[in-house]
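Since the structure comes first, as structure tokens, the remarks are kept for the end.
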Amino acid sequence: MSTSFNMVKKGYDPKEVQEYIQLLEKELATYKNKEEFISRALVEAQVSAKNVVEQAKEQALQIEEDAKLKLEHIKERITQSKDKIYQFEEEYANFTKRFEASFNKNELNKLLTSLDSIYTSLEVSQSLNEEPTEDVINSAV
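So the sequence shown is numbered by this note's numbering: it starts at 1 and just counts up by one.
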């Protein structure tokens, strides 16, 4: 950077002007270095931010896929549980129908009467401090 100055009788001291120019050049070089550093840092920050965003998107997609798989698994388990409950309900209904068909009120009354008779004979035997005999139990049945 060369600059030419016109010669005049009165003016600035060329040595002082040259020193000032050198000072300005040093200052300018410092600012250029800072600008380069800031530019590099900005580019690195932008690249880093882009990478972070891409990784976050990938992780979000993976989390979403995992959640969908878990949800499908839960749905399958619920369906299986519902099927088991319906099956149990059907089997229980069949069992109660068979029980009702095989056990009518007359048979229930006979069974209750037998149990009352056994209970009574046991009370009588206990009050006499005797153990009930097999004949007493069999006769009640």
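Even for Gly, the Cβ is constructed at its ideal location relative to N, Cα and C.
For clarity, every value in this text was computed on a predicted model and none was experimentally measured.
Q: Could you spell out where the alpha helix (DSSP H) holding residue 50 opens and where it closes?
A: Residue numbering aside, residue 50 sits at position 50 when the sequence shown is read from its first letter. It spans 14 to 102 - the alpha helix (DSSP H) in which residue 50 sits, taken as one unbroken run.
(Q) Within the continuous alpha helix (DSSP H) that includes residue 10, where are the two ends? (A) Numbered from 1 along the sequence shown, position 10 holds the residue referred to as residue 10. Element bounds for residue 10: n/a, residue is neither H nor E.
Q: Kindly indicate the opening and closing residues of the alpha helix (DSSP H) around residue 121.
A: One-based indexing of the sequence shown puts residue 121 at position 121. 105 to 127 is the extent of the alpha helix (DSSP H) around residue 121.
Q | Whole-angstrom distance between residue 23 and residue 16, CA atom to CA atom | A | Position 16 of the sequence shown, counted from the start, is the residue given in the question as residue 16. Position 23 of the sequence shown, counted from the start, is the residue given in the question as residue 23. So the alpha carbons of these two residues sit roughly 10 Å apart.
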